[in-house]
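The numbering of the sequence shown is this note's numbering, which starts it at 6 and goes up by one. Every residue gets a Cβ at the ideal spot worked out from N, C-alpha and C, and that includes glycine. Remember, predicted model here, so these are calculated numbers, not experimental data.
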Amino acid sequence: MEVIILDTEREVAREAADLVAGLVRRTPTAVLGVATGSSPQGIYRELARRVAAGDLSFARARAFALDEYVGLPREHAESYHSVIARDVVAPLGFDADLVRVPDGLDPDTDASTDRYERAIAEAGGVDLQILGIGTNGHIGFNEPTSSLASRTRIKTLAPQTRRDNARFFSSPADVPAHCITQGLGTILEARQLVLVAQGASKASAIAHAVEGPLSSMWPGSLLQLHPHATVIVDEAAASELQ
Ligand code: F6R
């Protein structure tokens, strides 16, 4: 695992954007895995800037989102369908037909999560997966104790995650209780993992992911199993590394 520690959030975003841009320039039809939440926002802004400047195009690239809330209408501003459309598809100029988000509304979750896994496989797998990390160490919404071999499935959000994500909703009670998330086994199959984290609230999760024992209590530690994982953090998120 490569760990890159930089001074500012802006530098973290630029460094990660360089990796994504390099891939898409080499392989315009690349398959990206895209995270939501605050952590990758700077990456998307930086990539959008390069697209607007004519330096980069995602027109032929594909993307798969990591997760989606269960039961939230797609048009809800905080559904990950909306977030991906607003923060990724439009500013980066993806073809919306080539971008998928798990279905949080299909009552037959087994069938819909199987379809999601098949769609990733049929696209040839994910070339580069962008990841954030939860304060409790989750990756995607694979909360502590998730199987390291898990596939896309329904999960219950941990109380800590619902508290952390309450900032996106008008009240904590509005944060959905369940989600559909790519599994840790699914994420591990991406050919490259790029995890970004900023701020002191992520320091413990980063230390466990990078230096802790491999443990389902800290799902981020699964990155230690991956042959091509890059962790890009600012000084605050790196502050508990030895
Ligand atoms: C989002 C996701 C989550 C977030 C994590 C950190 O698609 O899969 O793992 O990356 O909850 O969220 P932020 O970046 O908002 O701190």
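Limits of the beta strand (DSSP E) - the one that residue i falls within
{"i": "residue 134", "result": "133–136"}
{"i": "residue 60", "result": "Residue 60 -> no beta strand (DSSP E), and no H or E assigned at all."}
{"i": "residue 38", "result": "36–39"}
{"i": "residue 73", "result": "72–74"}
{"i": "residue 234", "result": "234–239"}
Span of the alpha helix (DSSP H) around residue i
{"i": "residue 7", "result": "Where residue 7 is concerned, there is no enclosing alpha helix (DSSP H), although the beta strand (DSSP E) it sits in stretches over 7–11."}
{"i": "residue 16", "result": "14–31"}
Contact belief for residue i with residue j at Cβ below 8 Å, rounded distance in angstroms
{"i": "residue 45", "j": "residue 135", "result": "5 Å"}
{"i": "residue 188", "j": "residue 158", "result": "6 Å"}
{"i": "residue 65", "j": "residue 33", "result": "5 Å"}
{"i": "residue 211", "j": "residue 240", "result": "Contact doesn't hold; Cβ gap of about 11 Å is too wide."}
{"i": "residue 8", "j": "residue 215", "result": "6 Å"}
{"i": "residue 25", "j": "residue 48", "result": "7 Å"}
Exposed unless 16 or more other CB atoms sit within 10 angstroms - verdict on residue i
{"i": "residue 224", "result": "buried"}
{"i": "residue 107", "result": "buried"}
{"i": "residue 161", "result": "exposed"}
{"i": "residue 143", "result": "buried"}
{"i": "residue 60", "result": "exposed"}
{"i": "residue 206", "result": "exposed"}
{"i": "residue 230", "result": "exposed"}
{"i": "residue 247", "result": "exposed"}
{"i": "residue 213", "result": "buried"}
{"i": "residue 139", "result": "buried"}
{"i": "residue 243", "result": "buried"}
Go through the segment 77–136 residue by residue and report every complete run of the alpha helix (DSSP H) that reaches 4 residues or more, in order. 85–89, 114–127
Q | Complete beta strand (DSSP E) runs within the segment 148–209 (minimum length 3 residues, chain order) | A | 158–161, 183–186, 198–202
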